[in-house]
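>
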Amino acid sequence: MKKPLKIAPSMLACNLAQIENEVRRVEAAGVDYIHVDIMDGHFVPNLSFGPEFVATLKRITKVPLDVHLMIQQPDRYARTFIEAGADILTVHLEAYHDVRRTLEIIRGMGCKCGLSINPMTLFQNCGSILKKIDLLLCMTVNPGFGGQPFIVEVLDKIRQAVAYREQHGLDFDIEVDGGLTTDTIGPSVAAGANVIVAGTSIFGKADATAAVKELRARAAEVSAGG
Ligand code: DX5
Ligand code: ZN
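In the numbering used here, the protein residues as written are 352 to 577.
The structure is reproduced here in structure tokens:
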């Protein structure tokens, strides 16, 4: 059965001088999650937000927080981000940690857990870890910055993930992150992604409601076989 489409605007692209208004703008647009990109300047060549930012968002919205840790030692910080209010916590396979253990910490705290893989990481490297996750994040850009072009080769990996999920009777969501636009959402959904992260193409638009509506419409065309 097809999994419901979820739209997750990335706060990385919001106007930080107006955080609360930016959250209201995407709440009004009817988004499903708010995506929060955490960068440590080691795992990726950029710095962004810390747990206090997640806690601030938690105080101002009920929309579930989809927290993406692009940090080198996620096992050290998972608890802190869950206590701050993460509803889904995603960690990278490529980080320096025992990924199975980190995922156990996350699940053990009653939080949904996600596994993320960079564009160059082979799907096969995930192995049986896939049996323990709620979400697989297939990065469609090299992590670190918003506004980069979508890497189309990742579509094959999404198809592999869908096949694996079916073969093993699993249920994880498949999320795409990076370069999602009205042009790239269709191919992503057609390949099997159902959670769509979009920074620039939502927060970068004056009318976020129209932007989200247009993204959903493009996804629906594909689901209807168009
Ligand atoms: C990239 C981040 C993304 C980014 C997406 O490292 O994980 O979430 O904000 O930005 P856009 O949608 O602008 O490509
Ligand atoms: Zn992200």
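For every residue, glycine included, the Cβ atom is placed at its ideal position computed from N, Cα and C.
Straight-line CA distance for Tyr-515 to Thr-491?
Taking the straight line joining both Cα atoms gives about 19 Å.
> Between Phe-496 and the ligand DX5, is there a pair consisting of the residue's CB and a ligand heavy atom that are separated by less than 7 Å?
Checking the Cβ of Phe-496 against the ligand DX5 gives yes.
> What do you get for Glu-504, buried or exposed, if any count of 16 or more other CB atoms within 10 angstroms of its CB means buried?
Burial call: exposed.
> Excluding the 5 residues flanking Glu-445 on each side, which residues of the same chain have their C-beta closer than 7 Å to its C-beta?
Here the set comprises Asn-469, Thr-472.
> My guess is that Leu-408 and Ile-385 are in contact by the Cβ rule of under 8 Å, so how many angstroms apart are they, rounded?
At roughly 6 Å, the Cβ-Cβ gap stays under 8 Å, so Leu-408 and Ile-385 are in contact.
> Between Gln-423, Lys-353, Ser-552, which lies nearest to Gly-392 when the distance is taken from Cα to Cα?
Looking at the Cα atoms, Gln-423 is the closest of the given residues.
> For Ala-368, count neighbouring C-beta atoms within 10 Å of its own C-beta (all shown protein chains included) and say buried if the count is 16 or more, exposed if not.
Ala-368 is exposed by the Cβ-count criterion.
> Quick check on this structure: which residue in Phe-554, Gly-520, Ala-571 has the alpha carbon closest to the alpha carbon of Glu-378?
Ranking Phe-554, Gly-520, Ala-571 by Cα distance to Glu-378 puts Phe-554 first.
> Rounded to the nearest angstrom, how far is the Cβ of Val-548 from that of Leu-531, given a contact under 8 Å?
With 8 Å as the limit, Val-548 and Leu-531 qualify as a contact, their Cβ atoms being about 6 Å apart.
> Taking its Cβ as the centre, do 16 or more other Cβ atoms sit within 10 Å of Pro-360, making it buried, or is it exposed?
By the 10 Å Cβ count, Pro-360 comes out buried.
> Less than 7 Å between the CB of Asp-528 and some heavy atom of the ligand ZN, yes or no?
Result yes, Cβ under 7 Å from the ligand ZN.
> So the candidates are Gly-461, Asn-493, Leu-486, Val-382; which of them puts its Cα closest to the Cα of Arg-430?
Residue Gly-461 is the option with its Cα nearest to Arg-430.
> With distance defined between alpha-carbon atoms, name the residue in Lys-482, Thr-412, Lys-353 nearest to Gly-520.
Among Lys-482, Thr-412, Lys-353, the Cα nearest to that of Gly-520 is on Lys-482.
> Under the DSSP definition of a beta bridge, which residues are partnered with Asp-391?
Answer is Leu-398.
> Between Thr-533 and Asp-485, what straight-line distance do the alpha-carbon atoms span, to the nearest angstrom?
So the two alpha carbons sit approximately 26 Å from each other.
> Could you check if Val-548 belongs to the surroundings of the ligand ZN, using beta carbon to heavy atom distance under 7 Å?
Checking every heavy atom of the ligand ZN against the Cβ of Val-548, one is found closer than 7 Å.
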